[in-house]
Each structure stands twice: as structure tokens, then as C-alpha cells.
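Peer 1: Attaching a single structure in C-alpha cells format; questions to follow.
Protein chains: 2
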Amino acid sequence: MKHLTRRDFINKLTIATGSGYTAMVALGMIPASPAKAMKLEGKVEGKHVIILGAGLAGLSAAYELDKLGYKSTIVEARSRPGGRIWTIRKGMRETELEGAEQICKFEEGQYFNAGATRIPHHHTSVINYCRELGVPLENFNNINEGAYYYCEGKGPLSNKRIRQRELHNDMRGYTTELLAKAIDQNALDMPLTNEDKEKFIEYLIAEGSLNPNKLYQGSSRRGYEVAPGAGNIPGKLASIPDLLTVIQSGWLEPHFYNIPEYTYEQQTTMLTPVGGMDQITKAFEKRVGKKIIYEAEVTEIRKTERGARIVYINKDKQAQELTGDFCICTIPLPVLSNIAADFSPNVQRAVDSVPYNNSCKIGLQFKRRFWEEDDNIYGGISRTNMDITQIVYPPSGYLSKKGILVGYYNYGRTAERTGNLSLADREKMALEQGSKIHPQYKQEFENSFSLAWQKIKYSQGAWATFTPETRQTHYKALLEPDGPIYFAGDHVSYLIAWMAGSFESAQQAVAGIHKRVKESATSMNAGK
Amino acid sequence: MKHLTRRDFINKLTIATGSGYTAMVALGMIPASPAKAMKLEGKVEGKHVIILGAGLAGLSAAYELDKLGYKSTIVEARSRPGGRIWTIRKGMRETELEGAEQICKFEEGQYFNAGATRIPHHHTSVINYCRELGVPLENFNNINEGAYYYCEGKGPLSNKRIRQRELHNDMRGYTTELLAKAIDQNALDMPLTNEDKEKFIEYLIAEGSLNPNKLYQGSSRRGYEVAPGAGNIPGKLASIPDLLTVIQSGWLEPHFYNIPEYTYEQQTTMLTPVGGMDQITKAFEKRVGKKIIYEAEVTEIRKTERGARIVYINKDKQAQELTGDFCICTIPLPVLSNIAADFSPNVQRAVDSVPYNNSCKIGLQFKRRFWEEDDNIYGGISRTNMDITQIVYPPSGYLSKKGILVGYYNYGRTAERTGNLSLADREKMALEQGSKIHPQYKQEFENSFSLAWQKIKYSQGAWATFTPETRQTHYKALLEPDGPIYFAGDHVSYLIAWMAGSFESAQQAVAGIHKRVKESATSMNAGK
Chain L
1 MKHLTRRDFI
11 NKLTIATGSG
21 YTAMVALGMI
31 PASPAKAMKL
41 EGKVEGKHVI
51 ILGAGLAGLS
61 AAYELDKLGY
71 KSTIVEARSR
81 PGGRIWTIRK
91 GMRETELEGA
101 EQICKFEEGQ
111 YFNAGATRIP
121 HHHTSVINYC
131 RELGVPLENF
141 NNINEGAYYY
151 CEGKGPLSNK
161 RIRQRELHND
171 MRGYTTELLA
181 KAIDQNALDM
191 PLTNEDKEKF
201 IEYLIAEGSL
211 NPNKLYQGSS
221 RRGYEVAPGA
231 GNIPGKLASI
241 PDLLTVIQSG
251 WLEPHFYNIP
261 EYTYEQQTTM
271 LTPVGGMDQI
281 TKAFEKRVGK
291 KIIYEAEVTE
301 IRKTERGARI
311 VYINKDKQAQ
321 ELTGDFCICT
331 IPLPVLSNIA
341 ADFSPNVQRA
351 VDSVPYNNSC
361 KIGLQFKRRF
371 WEEDDNIYGG
381 ISRTNMDITQ
391 IVYPPSGYLS
401 KKGILVGYYN
411 YGRTAERTGN
421 LSLADREKMA
431 LEQGSKIHPQ
441 YKQEFENSFS
451 LAWQKIKYSQ
461 GAWATFTPET
471 RQTHYKALLE
481 PDGPIYFAGD
491 HVSYLIAWMA
501 GSFESAQQAV
511 AGIHKRVKES
521 ATSMNAGK
Chain G
1 MKHLTRRDFI
11 NKLTIATGSG
21 YTAMVALGMI
31 PASPAKAMKL
41 EGKVEGKHVI
51 ILGAGLAGLS
61 AAYELDKLGY
71 KSTIVEARSR
81 PGGRIWTIRK
91 GMRETELEGA
101 EQICKFEEGQ
111 YFNAGATRIP
121 HHHTSVINYC
131 RELGVPLENF
141 NNINEGAYYY
151 CEGKGPLSNK
161 RIRQRELHND
171 MRGYTTELLA
181 KAIDQNALDM
191 PLTNEDKEKF
201 IEYLIAEGSL
211 NPNKLYQGSS
221 RRGYEVAPGA
231 GNIPGKLASI
241 PDLLTVIQSG
251 WLEPHFYNIP
261 EYTYEQQTTM
271 LTPVGGMDQI
281 TKAFEKRVGK
291 KIIYEAEVTE
301 IRKTERGARI
311 VYINKDKQAQ
321 ELTGDFCICT
331 IPLPVLSNIA
341 ADFSPNVQRA
351 VDSVPYNNSC
361 KIGLQFKRRF
371 WEEDDNIYGG
381 ISRTNMDITQ
391 IVYPPSGYLS
401 KKGILVGYYN
411 YGRTAERTGN
421 LSLADREKMA
431 LEQGSKIHPQ
441 YKQEFENSFS
451 LAWQKIKYSQ
461 GAWATFTPET
471 RQTHYKALLE
481 PDGPIYFAGD
491 HVSYLIAWMA
501 GSFESAQQAV
511 AGIHKRVKES
521 ATSMNAGK
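Same order as they appear, the protein sequences are chains L and G.
Heads up: the first sequence begins at 1 in full-length UniProt numbering, then just goes up one per residue.
Heads up: the second sequence begins at 1 in full-length UniProt numbering, then just goes up one per residue.
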């Protein structure tokens, strides 16, 4: 039996995964290049790749192909790059699919990120591109113990805001108290020595801020009724609700789970570009902007003997044709489904079948940052079971005069409802529900800009959704090249709705093309 | 019986608390002024207040007195303002009490905060001064789930770093699993209906990331062995340690408690001035810098018939005298204890008796930010049971080339040991212990600057410590003016070691003086 060479192994991996690069880095076989987002070797001349879509997958594919000597052309339906990287600023226009039209009236310098807004600290592909392209990053404080929870219509504590720290520390207190009691009563069959049990109980006391009798009776961790200060003000704790009241007030329901604190993707530290997520797009545009044909709506994707042929309608409504050796298609599947294409049946089925989630956001500009001035809230997110779901506070620009809140950010059926409202009714909903949490809304509000991703023309959805079953069928169909056509975008990754998914899928597409070109060159040379 | 007027009430409060202002704001009787740090009414002319110490208490006292028309003079022993607000930068010199001398060799633009470094989001006095003086704030991410824990010499998991997310999520998993089990077995006498119990268990499953059988078997929240990515890389979870292993490895001991996550003072969001804590000092210096006499070492604090008389030695070693109507003394008690003063016996006893804590920090400059590039650590703190106690990562300047870590930040006996080392041995300790967590230390290290607050000449300690008993004796003695002498500084507050304590105590001193002056004017007018 032949011993596997390193190259054989790469090839095997590549067959299995679509690209050897990420997998080999992941498996520790080749070192990740810390300063560079991607590093492939070998120059190629005379090859043309047509890239469909100037979102992050398309932009980064062009950028990497350029390093390797390929020619590339990006066909983009919009008049701007970035796709769902979209920072809403003064003067921006958008007409939704059913005709709702907006022009952004924010003050100069004010913005919110309509799509991607935060970067997990372990999404190295994104961070490495920022390092490589010189895009400064700052903290995005996804979590803020001082932000509010507001539960409507459930029980005794409903219909009033509480600070997140109150619920978090009360629940830590009650759960550790109950567990300490169970252990003390030997109610649990635990394989621990008495000494270890003692250590565990000491930990529970510290974790829950229990008193020496192992009871939770409140804690300064949940804040004060009167804060401690100078002179003779030691501070006064507020009374605490009992566990039953907490449960009956709806506070243990999914709207208020600590999901963002805990999930790998939303744990601290999260990052965001200084000055808006579009800084990443702009950095790529500086490098590959000349390759982009804007306002070019793709109508046909064809396989030819020599590669791919693309037909698009240009901004003067004329049909144009492009041919290339390969195509990287990053078009969102709901949009792609309406484009005539020579896809193989499995691919076409995936393109036609993968459902996309809805998602809505609204940016609300206020005269002053009352959430900072009056409520001591600097960044983070307030959460509620109302349709607005959450209010996201800006993570920077602190102490400045004006500011923009994301007045809602919702998904699924809630977003379907929200997206079906008129622009005026969306604003009304955001203000009415939001003012239950922040009564200052009504006095301080200036203007808004809202969007429903399912109604944004060249997106038609917020992100792809797969089940474990469709990961084995539709998803797999998109991983292999369909002749000369490679698929990229976060929907071709396990990092759905994250920028890292776009970048890593683009890297795999580029690596796949490059490997094929190099192998074909080798076999041609061998045949000479 | 006479009905209490508002003014009577203020006077009563003032007698009880030293100042009515903060107490009345705290009790909701007067609105806090959001845009202003403090707001007192009434102009005063011809009164001179001598302020001892140009730390935050002294600077802000002068600033507030100035608004009210008072003349003030700040006597400062050092050649710089700020006290324990001290940002270490290139060229700074320091000679510790026993003669150890340093000149900072950091690169231009690199710095670390030797003293105060972070601002709780609810410390409105600090934040309001930043707003009022135009000092921009940014996030200080005190917490980072991606930072490390390193436990030395305890058990099977010792002597290797783990990500904080691993321990946090494993413990959430095990505690919720055990509690769910106890509830299922009806081992706890809980006054809950079955429906409420069900809700509680659903919460425990979500909180702990338990499987449908209510068992903790790991979770993506603790990170991956192979991270999910594009293509066919769904991600692979690592195996998890059992609870016994966690306990026996020392992970439940106090070094690793979630104290900073949970305490009111260190919860997210925390803030810090853009560009270093000294930006606050500089902003005050711009307003009241001309009132400061530098390198002026106070030798006598005297009460006179008309107020206070201060003797100091100026930079030319000559004795100088200053007289004023009042004195605000912010000198740290260990330093004040060696100054001749006409204090009343209770005050002198407090000055001589209140112990101060030790604290040491070292700044380590590295050639590159390997903690970002190699470890994906952006801000936050790694913790260990070694003497270095913690490594603090810079919360900004991400992706830039060089960086400074706080290589240790310790207190109490550990800091006593650390401070007793030579400068070279401190550096050696920081590098040897730190490189167990970050092996890159040895290759990337450039230079260091260390300090032991207990050996810094005009501080002689990091912060005052009180017991509940001494809060009733020594502390109370410092709250009342001793004739014309008022005390301020964080040691005259329940916000020890926080800048808010300095500001609020200074505000109380100013309010106390102002009230006295206005009352005296009223009674003089009444006597006419």
C-alpha cells in the first residue's frame, strides 16, 4: 500500500472539503499566517474569473485572485459594493421590493450598520483582512449589565424595565442556593469527597453571592437603591423578588436567556470597525474597485467549452456578455433562483429550495444620547418580548450629542410582521414599544431609516437556513464546483450570517480554482 | 411643631452626611444634572481655599470652587498633577522610596495606566466630568471569554492554560445539571407548581446548555477543537473535564472566581479615556493648572483665627507660607501622618491609623501584539494563582504593531513580596511567570516599567482600607471639617480606589465650604 504523501493528503482533503487550505490550517498541518488573511503560492497568467456579486465573498475573491495573477471581473447588481455589509448614512436611498422608498435623513457622521455589525474575536479571517487592509477595529460591547430587560404582560414584575444585572445575579443567587441546599441534604449522588464537596460549596457561595448560611438575600452585584458615595453614604440595597415571582414574571423565558453572553459567536470580546462596517468594504474597494461593474443585473449563467459565459443587463438596460475560465457565484440563493443557469440538477435544487430567514432593523436618530446621560447605558443591548425584540446602543461615540439606536432587530415571524408594515408604521411601532423602555423616545426622536432584508431587492432574505438534513443534501451540492462555477458566500459555510463565512468560502473557491489551474498546467506540461 | 422647610431638610442632611448635594440627588430630592458634574448656586468673592494635593480630588475641588468665585491654590509635592492617575509614557522618571530609579523606555505613543485604569458605567461623577471637559471615552473590556486561566500546581488540569469560556461554561453546565437532577428527584422543598417547575427546568437547560436528558456533555459555548468554517467543516468539539477534575485542578478556588464579571464596579460596560487615563488630568490642568504650585512639599497644616495656614518647602528648598480661609486636604493618610498639623485628636488618630493596601503593576512592551495575532485576545484579563495574579491586555489600539501588557497587577501580601524585589527581579518574575501563559514573551519582549504604590513617595500605598468598625470611628472623623480643614480623596468615600470617590468627596468638601460661607454671610447680614 502506498504511503500517503503530503500532497496526496492535501488532494484527499480537497476532495472531501472543497479546499485544502482552511482544513489544513484547522488540523494544524500548516500554520495559519497571522499577518495575512490567506497565502497561496504560484503565479498564474491569462486566466479570467468572473465573480458574481461584490459582497465580501466577491470582493475578497477578487483580491486574492489578483495576488495570484488572475484577471477578474465583478458583476454587481447594486450601485454600491458590500451586499449585506451596509452602513446607513445620510442621503442613502433604498426602494424595497414592494416599492417603499426611503432617503436617509440622518445627520452627517451618524450611522448604523444595517447588516453585519459585529465580529467575534475568534473570526480570524475577518480580523486578518482588517489587519492586512489597515481597517482599525474597536470593541463592540455586545453585553451590558446596565442595559434593560422589559417583559410585557406576564406577571408581577412585567411592564417595567429592570437592569439585566438584577435578573442575572438573582438567578445566580437562587440556583446556587438551591444546589448548595441539595448538596447539604445529601440529596445528590455525587462522587465527591467531603473536602471536594466543601470546595464546591465555597465556589457556589462565591458564584451566587450567598450569605454565610448559604442563602441568597440580594447582593450589591445587582445594583443599589441608593448608590454608595462620598461621606456618610454607604449605599442601600433594594429588596429582591423571590424565585416564584421571577418565574411568574416571564423572566426565565427564551427572550431573556443569556444567549449572547454564552454563545461562542457572541461572547466578549466582540469587535467592529471604527467608523462603521462599511470601512471593510471601502478597504477592499480601494484594491479591487476597478474590477467592479455596477448596476449590472445578471440574467444568464452558462457553462461553455472553455469556461463560463455570463449575460447581464447594464445600467443602460442593454444586455452584455462576459466570458471567463471560471465563475465564482456569490449571489444569494433566492435571487439566483430567478436567473437562467446551466446548473446541474442537484445544484439547481439547492438554489431553488434553501429557505432564507427574515430580518428587520430600524435606525432611530435622537437629539441627544439620553440612554447615556440619563440611564448610564454605554453600548450593549436591551431585550424585550415585544416585537422590537431588542434595542442596540451604539458602542462608541460616547458623550457626543446625537446618536442612533437600532430601535428593533428581529428575525423570523416577528420580522415578517415587521417587514409587512408600512415605513411609517414600522417607525410608529419602534417608537411606541421602545418608549416603554425609554420614555425619552417621544421627546428626543428625530428621524428613522428601516429595512426588511427579505424585501431588499438583491438580497431577498437575511441569511440562509439549513437543517441537519439539508446540510447533507442542498448544502453539499453547493460545495463542489459545478463545472467552471464555484459557489461562495456565508451560505456556503458553517458560519451562516457571519462575515467570516463569506471570507472563508471565498478563500476555498479561490484555492479550488488555483489548484485546478496548477494541476491542469502540470498535466499539460507532463503531456508535452 | 414646626414643619420642616426644604432648607431645614438640606441642613439636617448636611449635618448628617457632610454635604446635602449628593445625598439629595441620591434620595431623588433634586435632579442630578446630566450634562454637568456638579451645580451649586451663588457667587462668592474674596475667599481663598488652599488645596493640598493635585490629584483628582484637588483638581476637581479647584475647578468647582472657581465656578463659584473662590480663589484657590493647589499645593502639590510632585512635579506633575494627577496623583494615582498616572499614565506611564516614554521618558517618565520615578525613584521609589528605597532608591530604585527608572526612566521609561517605551516607544512614543505606548503607555499603560499605573493607577486608575477603568470607569464603571454607573460612576456618573467621573463620566459627567469627562462630558463636561470634553474627554472622549471608549470601552474598557474588563472581561474577555477568550482570555486565559492558568492554575499552577494543583491537579490534573494545572500548569496549562485554558480559555475562560471553558471553565465558565463547564461550571454552568455542571451546576444546572445537578440542580435539574435534584428538582427532578423532588429532593428540594420548592414552593413551585409543576408548571413553574417546568419553566425553571427549561431555564436551567438553556442556562447550562444541557442536552434533552438534562445532562451537560459539553457545548460549543466553550469553543471548538476544530472551529466551524466554510465548506465541509462543521466544527469539532473538544472533550470536557468532569466536575471532579475541575475541582481538583484548583479551578474553583478564589483566584478564578468570576468576581470581575459579577461585582457592581467591574461589570460590563466599563469605560476608559481614549489615549490614557491622564487625559482626565490634562483636561483639569487646562482649567486650573495655573493654580498649582508644583514640587511643593507640605510640612505644616495649621489652624488660625481666620482660617488655615500652610507651610511648604518649595523646589528651591525654601520654606513658604500660604494662608487661606479654608483648606481642603487630599493628601494620602500615610503621607499626611508625617506632616505637622493642628488636627483634633480623633482626626489625627484616623490619619495615623488607617492602613493602606499595597499594589504593584508592571508594563511590558512587546515587539508585536502576539496576544492578538496568535491568541485572538483583544483586551480583557488572564488570571492565575501565580504571583503575577493577572495579565491585562490593552483594550484598544488593536491590530497595531507594538503593545504593552500589564504583566502583573497584584495586591496585599503578594504585592508586598513583589514590591520588595529589585526592579530587575520584578521584570524577571513577570517574564518567567507570564511566559507560562504566553510562551511568546521571551522572544517578543523589549522593556518594562514597574511600580509598587507602597513605595511611591507621595502615595505610600495604593488605597485606604476600612473595616466595618473603623468606618464608624476613623472614617467618621474624616467626614466632618476639622475647623477650617476639609478632607477629600477616595479615602473619604465608600468608593475606595475609584476615581468617583475622589470626585464625590471633593464635591462634598466644596459644598460644605460653600454652605458655610453663604450661611455666615446670611448671619452677618442678619446682624446688620
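Glycine included, C-beta positions come from ideal geometry on N, C-alpha and C.
In terms of alpha-carbon separation, which member of L:128, L:64, L:98, L:339 lies closest to residue 374 of chain G?
Peer 2: Cα-wise, what sits closest to residue 374 of chain G is L:128.
Peer 1: Hey, quick one: how far does the beta strand (DSSP E) through residue 366 of chain L stretch, first residue to last?
Peer 2: Per DSSP, residue 366 of chain L belongs to the beta strand (DSSP E) from 359-366.
Peer 1: Could you say if the region 337-354 of chain L and the region 477-486 of chain L meet the contact criterion of at least three C-beta pairs nearer than 8 Å?
Peer 2: They touch, by the three-pair rule.
Peer 1: Under 8 Å, CB to CB, which of the residues in the region 471-487 of chain G have a partner in chain L?
Peer 2: Within the region 471-487 of chain G, the qualifying residues are 471, 476, 479.
Peer 1: Would you identify the three-state DSSP class for residue 337 of chain L, choosing helix, strand or coil?
Peer 2: It is coil, neither helix nor strand.
Peer 1: Taking 7 Å as the CB-CB limit, is residue 338 of chain L close to chain G?
Peer 2: Chain G contact via Cβ: absent.
Peer 1: Using a Cβ cut-off of 7 Å, which residues of the region 112-146 of chain G contact any Cβ in chain L, in chain order?
Peer 2: Here the close residues are 121, 122, 124, 130, 131, 136, 137, 138, 139, 141, 143, 144, 145, 146.
Peer 1: Buried or exposed: which applies to residue 524 of chain G, given that a residue is buried once 16 or more other Cβ atoms fall within 10 Å of its Cβ?
Peer 2: Burial call: exposed.
Peer 1: Going by the DSSP bridge assignment, what does residue 87 of chain L pair with across the sheet?
Peer 2: According to DSSP, residue 87 of chain L bridges with L:113.
Peer 1: Looking at residue 313 of chain L: is its Cβ nearer than 7 Å to the Cβ of residue 300 of chain L?
Peer 2: No, these two residues do not count as a Cβ contact at 7 Å.
Peer 1: Check residue 298 of chain G in the structure and name its three-state DSSP category.
Peer 2: Three-state result, residue 298 of chain G: strand.
Peer 1: Suppose contacts are defined by Cβ-Cβ distances below 7 Å. Is residue 216 of chain G in contact with residue 173 of chain G by that definition?
Peer 2: Yes. Within cutoff.
Peer 1: My parser needs the alpha helix (DSSP H) runs of 4 or more residues fully inside the region 192-260 of chain G; what are they?
Peer 2: Within the region 192-260 of chain G, the complete alpha helix (DSSP H) runs of at least 4 residues are 194-208, 243-248.
Peer 1: May I ask which residues mark the beginning and end of the beta strand (DSSP E) holding residue 410 of chain G?
Peer 2: From DSSP, the beta strand (DSSP E) with residue 410 of chain G extends over 403-411.
Peer 1: Taking DSSP as the reference, what is the three-state secondary structure of residue 429 of chain G?
Peer 2: Looking at residue 429 of chain G - three-state DSSP - the assignment turns out to be helix.
Peer 1: Quick one, which of G:342, G:94, G:101, G:69 has its alpha-carbon nearest residue 602 of chain G's?
Peer 2: Lying outside 1 to 528, the shown extent of chain G, residue 602 of chain G is not represented and no answer is given.
Peer 1: In the DSSP assignment, find the beta strand (DSSP E) that holds residue 324 of chain L and state where it starts and stops.
Peer 2: Residues 319-324.
Peer 1: Going along the chain, which unbroken runs of the alpha helix (DSSP H) with 4 or more residues stay wholly within the region 120-201 of chain G?
Peer 2: List check, alpha helix (DSSP H) in window: 124-133, 164-184.
Peer 1: Hey, out of G:64, G:136, G:56, whose CA is closest to residue 396 of chain L's CA?
Peer 2: Among G:64, G:136, G:56, the Cα nearest to that of residue 396 of chain L belongs to G:136.
Peer 1: Among G:43, G:57, G:46, G:44, whose alpha-carbon lies nearest the alpha-carbon of residue 332 of chain G?
Peer 2: Ranking G:43, G:57, G:46, G:44 by Cα distance to residue 332 of chain G puts G:57 first.
Peer 1: For residue 440 of chain L and residue 235 of chain G, what's the separation of their Cα atoms in angstroms?
Peer 2: Those two C-alpha atoms are separated by around 45 Å.
Peer 1: Does residue 247 of chain G have its Cβ less than 7 Å from a Cβ in chain L?
Peer 2: Yes, residue 247 of chain G counts as interfacial toward chain L.
Peer 1: Output, in sequence order along the chain, the residues in the region 215-242 of chain L whose CB is closer than 7 Å to any CB in chain G.
Peer 2: Listed by position along the chain: 220, 221, 223, 226, 227, 228, 229, 230, 231, 232, 233, 234, 235.
Peer 1: To which residues of the same chain is residue 430 of chain L closer than 8 Å at the C-beta, ignoring the five residues directly before and after it?
Peer 2: Contacts found: 362, 364, 388, 407, 408, 448, 450.
Peer 1: Which of helix, strand or coil does DSSP assign to residue 278 of chain G?
Peer 2: Residue 278 of chain G: helix per DSSP, three-state reduction.
Peer 1: Contact check, residue 91 of chain L vs residue 104 of chain L under 8 Å by CB: the rounded distance?
Peer 2: That belief holds up - the Cβ atoms of residue 91 of chain L and residue 104 of chain L are roughly 6 Å apart, short of 8 Å.
Peer 1: What's the C-alpha gap between residue 304 of chain L and residue 458 of chain L?
Peer 2: Approximately 26 Å between the Cα atoms of the pair.
Peer 1: Cα separation between residue 340 of chain L and residue 291 of chain L?
Peer 2: Those two C-alpha atoms are separated by around 24 Å.
Peer 1: Look at the Cβ atom of residue 274 of chain G, then the Cβ atom of residue 138 of chain G, and state whether they are nearer than 7 Å.
Peer 2: Going by C-beta atoms, residue 274 of chain G is nearer than 7 Å to residue 138 of chain G.
Peer 1: So, helix, strand or coil for residue 284 of chain G, using DSSP?
Peer 2: Residue state, collapsed to three classes: helix.
Peer 1: Tell me, please, whether the CB atom of residue 263 of chain G is closer than 7 Å to any CB atom in chain L?
Peer 2: True, the Cβ-Cβ gap to chain L drops below 7 Å.
Peer 1: Whole angstroms is fine: what's the gap from residue 454 of chain L's alpha carbon to residue 487 of chain L's?
Peer 2: Each residue's alpha carbon lies about 21 Å from the other.
Peer 1: According to DSSP, is residue 262 of chain L part of a helix, a strand, or is it coil?
Peer 2: Residue 262 of chain L falls in the helix class under three-state DSSP.
Peer 1: Helix, strand or coil for residue 519 of chain L, going by three-state DSSP, please let me know.
Peer 2: DSSP places residue 519 of chain L in helix when its eight states are reduced to three.
Peer 1: Rounded to the nearest angstrom, how far is the Cβ of residue 502 of chain L from that of residue 284 of chain L, given a contact under 8 Å?
Peer 2: Not a contact, Cβ separation roughly 11 Å.
Peer 1: Have a look at G:462, G:112, G:306, G:269 and flag the residue whose alpha-carbon is nearest the alpha-carbon of residue 334 of chain G.
Peer 2: Selected option, being the one with the closest Cα: G:462.
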